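Protein chains in written order, with the UniProt record's numbering: chain A, 1 to 356; chain B, 1 to 284; chain C, 1 to 286.
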């Protein structure tokens with residue numbers, strides 16, 4: 001057990017250094033972007049003196065290394081700078097907006113995984129039969145549809161057509177009560193303040209973005225599940241399980257254990273790609289999450305905001321990979337044995353365990 | 001001095017868990033010209049590593065090899081490459097060792113291209129057809145690709161490729177292990193004929209005693225990287241000295257219809273157990 | 001000891017099966033018939049592509065995707081009562097109930113057959129639960145006893161561990177224990193020692209044959225190795241290209257083989273290089 005704890009701490013320490021690397025990367029890459037932020041703020045025809053003054057005010061006149069050290073130093077204290085335009089601290093904006101994004105993104109990704117496993121497995125069990133062929137056509141079509149088209153289709157169908165979804169403008173309706181501000185995040189405030197009506201409304205509004213993410217990512221997940229499952233079902237291990245008369249559901253669970261790692265890895269890849277794709281979904285639904293915020297920042301050359309977004313995206317995938325690494329290592333007894341310090345006995349020692 | 005001499009060969013590996021594994025542990029042997037030495041061992045015995053060490057396909061950590069008086073370890077890279085036309089190897093998995101995208105002609109001619117680059121194309125093709133026919137294949141196969149051949153044919157292609165540069169020494173690393181029994185027998189027969197016709201010297205790696213018995217003049221037995229026993233095939237296989245060789249030979253199942261040895265022993269055992277159970281039942 | 005007077009346990013009659021391939025249908029078995037009697041060990045011999053694997057998988061209902069039995073029957077006399085069941089027509093549900101308590105299966109490679117991430121105890125438990133049995137202390141003891149019977153000295157430790165902690169011979173003993181733990185009357189072993197080292201092969205075969213005979217079971221051993229047949233089997237079935245070419249008492253077939261292919265196979269197995277060309281015999285004679 002102590003070995004396992006040491007392994008987890010080790011991963012976290014490595015993760016911390018990777019986080020520092022991420023900060024460096026986000027700072028240098030964004031600094032290299034073309035265009036002058038001061039000009040972007042003051043406009044194309046601003047006087048050179050004004051631009052120079054603003055550069056001094058923003059600290060952009062200092063040498064690269066100094067700005068870098070300032071940035072890292074600030075980041076260590078939780079200061080990721082302020083937006084050039086709104087003047088809001090980046091960290092505060094992130095804290096406000098990350099929960100808003102998670103409220104539809106997390107269930108969306110879970111939905112994608114569930115749908116993917118469901119359809120991928122059905123296709124694998126019906127390998128090369130009509131149901132599988134229909135699945136291949138359907139998932140290929142879905143893979144070719146851009147996310148925002150899917151979002152618009154859902155809006156047309158569920159809001160305009162059937163009228164079962166609320167208007168796709170933000171998280172709440174004007175009729176909803178505003179909870180008192182405690183954390184800055186509407187979602188958390190509604191939860192903490194017990195404003196269930198408001199929270200309910202948020203969830204209601206989150207349904208369409210969630211389905212958008214869920215269906216969009218279900219296509220690649222199901223393809224991966226199908227491929228893995230077809231292989232697993234043909235494996236000697238599944239054959240032996242069936243030969244022992246195991247029930248179909250037990251066999252399915254054995255097969256799932258085989259592809260578990262692949263699906264978990266894809267989940268983390270999906271998480272990173274879903275956050276970067278959040279800009280599109282949030283624009284379509286006017287959702288006040290990190291995606292829309294970062295899109296505004298990018299269009300305005302608002303460097304601290306862009307850096308903040310790169311950091312939050314990177315952190316999400318970094319955390320995702322650490323969790324993935326630790327869980328896959330601990331779920332598999334072979335690797336678990338290695339980290340917990342138990343040596344696998346050599347075959348020669350084991351051979352002595354035989355009576356014949 | 002013998003044609004092939006290996007002294008004190010050592011190869012060590014570091015396992016992922018940091019422990020050292022001595023794959024080949026101070027092994028030496030000699031093969032006279034025209035003889036065939038069979039190396040028998042179970043998985044992990046180091047026999048395949050030994051095969052590669054002899055041709056310096058992997059660098060040994062100690063020891064030396066001389067082939068026809070040439071110190072193999074002392075050769076520089078360029079000399080080693082030139083000498084290799086006379087020393088060839090045939091691998092276990094025929095399909096894995098043949099490039100599936102190449103035509104049979106190009107696969108077999110590959111060593112010629114390396115070692116005799118100035119050979120005219122016409123002559124090269126004639127040599128390919130001749131060697132294919134010598135290993136028991138039809139010359140018409142040159143246009144095909146490995147995927148269209150059976151396992152036995154693929155392995156014959158591998159043998160043809162090894163023989164086209166007219167080598168004097170051939171290492172055979174489990175050449176028939178992945179072949180079916182009947183195919184195995186005819187490939188072995190071809191190998192034996194080639195050895196006699198061409199005066200080849202073989203180092204024959206195998207886990208199968210019957211194969212070695214039918215093919216080799218001399219036998220070496222390996223276990224855990226060490227040479228347990230070696231000598232003339234008839235001596236080692238008929239009156240083994242080392243306990244491990246005895247264990248291997250007694251574990252071997254023979255096709256003796258009259259004997260049914262293992263089964264009879266077991267039937268006696270089962271009957272004895274049942275008797276003792278009944279006796280215990282009476283005593284109660 | 002002749003087994004020809006024993007009652008028939010499994011009667012496979014004219015089974016034809018094949019696989020869907022890109023170009024249509026490929027027949028892998030053609031009217032294959034053979035029997036396994038009570039307390040009899042039968043060897044099913046053939047080389048790759050002979051259909052021996054397809055034959056036992058047809059019986060077990062375990063053909064790979066795209067595979068189908070198109071004709072014939074396989075009648076199993078069940079241990080519980082005199083009732084007989086045709087495995088080809090009884091349906092997947094009944095067949096599943098038969099696999100385990102009536103027919104056990106020993107796979108070729110224990111490391112790919114056993115689940116690598118589930119403890120051996122849990123894999124035993126899954127077998128019991130699949131057949132509506134509970135898995136309590138008594139059942140666990142039964143499994144431990146079964147493991148001990150296969151020659152594992154430390155069964156208590158092995159049952160709580162994982163397959164990867166075992167050597168090949170030990171792991172195959174675990175597979176044998178799983179195949180026999182529900183006391184099937186017939187055990188089918190598919191190349192049970194091909195993946196093992198020579199010195200271990202014989203030990204594992206001994207254990208397998210001993211447990212089969214001591215409990216009045218029957219066994220069908222699928223193998224390419226005539227030596228296994230010669231040493232452990234009462235009867236032998238020789239297959240070539242999806243057909244049975246010879247069937248009979250082991251001593252009789254091995255001393256006086258009738259079919260050219262059997263003669264050739266035998267000569268090859270004895271290390272004699274036969275006069276005929278192997279490939280020609282395989283592809284020319286039926």
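Every residue gets a Cβ at the ideal spot worked out from N, C-alpha and C, and that includes glycine. All values reported here derive from a predicted model rather than from experimental measurement.
{"query": "CB of residue 166 of chain A within 7 Å of CB of residue 204 of chain A, strictly", "result": "yes"}
{"query": "Neighbourhood of residue 326 of chain A by C-beta distance below 7 Å, restricted to the same chain and skipping five residues each side", "result": "8, 11"}
{"query": "DSSP state of residue 218 of chain B mapped onto helix, strand, coil", "result": "strand"}
{"query": "First through last residue of the alpha helix (DSSP H) which encompasses residue 223 of chain C", "result": "Not the alpha helix (DSSP H): residue 223 of chain C falls in the beta strand (DSSP E), residues 218 to 223."}
{"query": "Beta-ladder partner(s) of residue 37 of chain B, from DSSP", "result": "B:203, B:218"}
{"query": "Neighbour list for residue 224 of chain C in chain B, Cβ cutoff strictly below 9 Å", "result": "180, 181"}
{"query": "heavy atom of the ligand MG below 6 Å from residue 123 of chain B C-beta", "result": "Ligands are entirely absent from the displayed structure, and the ligand MG is therefore not among its contents."}
{"query": "Same chain, Cβ closer than 8 Å to residue 164 of chain A, neighbours up to 5 away in sequence not counted", "result": "158"}
{"query": "Neighbour-count burial assignment, residue 254 of chain A, 16 or more Cβ in a 10 Å radius", "result": "buried"}
{"query": "Euclidean distance between Cα positions of residue 108 of chain C and residue 195 of chain C", "result": "7 Å"}
{"query": "Residue 16 of chain A versus residue 3 of chain A - alpha carbon distance", "result": "20 Å"}
{"query": "Run of the beta strand (DSSP E) containing residue 25 of chain B, from where it starts to where it stops", "result": "20 to 31"}
{"query": "For residue 84 of chain C, the residue or residues it bridges with in DSSP", "result": "C:77"}
{"query": "Residue-chain proximity (residue 127 of chain C, chain A), Cβ-Cβ < 7 Å", "result": "yes"}
{"query": "Sufficient close CB pairs (3 or more, under 8 Å) joining the segment 131 to 143 of chain A to the segment 216 to 233 of chain A", "result": "yes"}
{"query": "Own chain partners of residue 240 of chain B with C-beta closer than 7 Å, once the 5 adjacent residues on each side are dropped", "result": "229, 246, 249"}
{"query": "Near-chain C residues of the segment 240 to 258 of chain B - C-beta to any C-beta below 9 Å", "result": "244, 247, 248, 250, 251, 252, 253, 254, 255, 256, 257, 258"}
{"query": "Listed by chain order, chain B residues near residue 218 of chain C by CB distance under 9 Å", "result": "Those do not exist, as residue 218 of chain C stays about 14 Å from chain B at its closest Cβ, beyond 9 Å."}
{"query": "Cβ-based neighbour list, residue 21 of chain B, same chain, cut-off 6 Å, excluding 5 preceding and 5 following", "result": "13, 15"}
{"query": "Simplified DSSP assignment, three categories, for residue 211 of chain B", "result": "helix"}
{"query": "CA-to-CA distance, residue 112 of chain B to residue 118 of chain B, given in whole angstroms", "result": "9 Å"}
{"query": "Span of the beta strand (DSSP E) around residue 10 of chain C", "result": "8 to 21"}
{"query": "Element boundaries [beta strand (DSSP E), containing residue 189 of chain C]", "result": "186 to 190"}
{"query": "Ranges of the alpha helix (DSSP H) found wholly within the segment 118 to 185 of chain B, counting only runs of at least 4", "result": "121 to 134, 151 to 163"}
{"query": "Pair within 7 Å by beta-carbon distance, residue 55 of chain A and residue 49 of chain A", "result": "no"}
{"query": "Proximity of residue 12 of chain C and residue 37 of chain C at Cβ, strictly below 7 Å", "result": "no"}
{"query": "Closer than 7 Å to chain D by CB, residue 134 of chain A", "result": "The structure shown contains no chain D; the protein chains it does contain are A, B and C."}
{"query": "Proximity of residue 131 of chain A and residue 301 of chain A at Cβ, strictly below 7 Å", "result": "no"}
{"query": "Sequence-distant residues of its chain with Cβ nearer than 7 Å to residue 259 of chain A (five each side left out)", "result": "225, 228, 229, 232"}
{"query": "Beta-carbon proximity of residue 154 of chain A to residue 238 of chain A, cut-off 7 Å", "result": "no"}
{"query": "For residue 87 of chain B: DSSP bridge partner residues", "result": "B:169"}
{"query": "Close-in-space but distant-in-sequence residues of the same chain around residue 226 of chain C (CB under 7 Å, 5 per side omitted)", "result": "45, 265, 266, 269"}
{"query": "Per-residue contacts from residue 228 of chain B into chain C (C-beta, under 7 Å)", "result": "Per Cβ cutoff of 7 Å: no residues; residue 228 of chain B is ~13 Å from chain C at best."}
{"query": "Cβ-based neighbour list, residue 246 of chain A, same chain, cut-off 8 Å, excluding 5 preceding and 5 following", "result": "254"}
{"query": "Neighbour list for residue 176 of chain A in chain C, Cβ cutoff strictly below 7 Å", "result": "In chain order: nothing, as chain C lies at least about 48 Å away."}
{"query": "Local Cβ density within 10 Å of residue 271 of chain B, reported as buried at 16 or more and exposed below that", "result": "exposed"}
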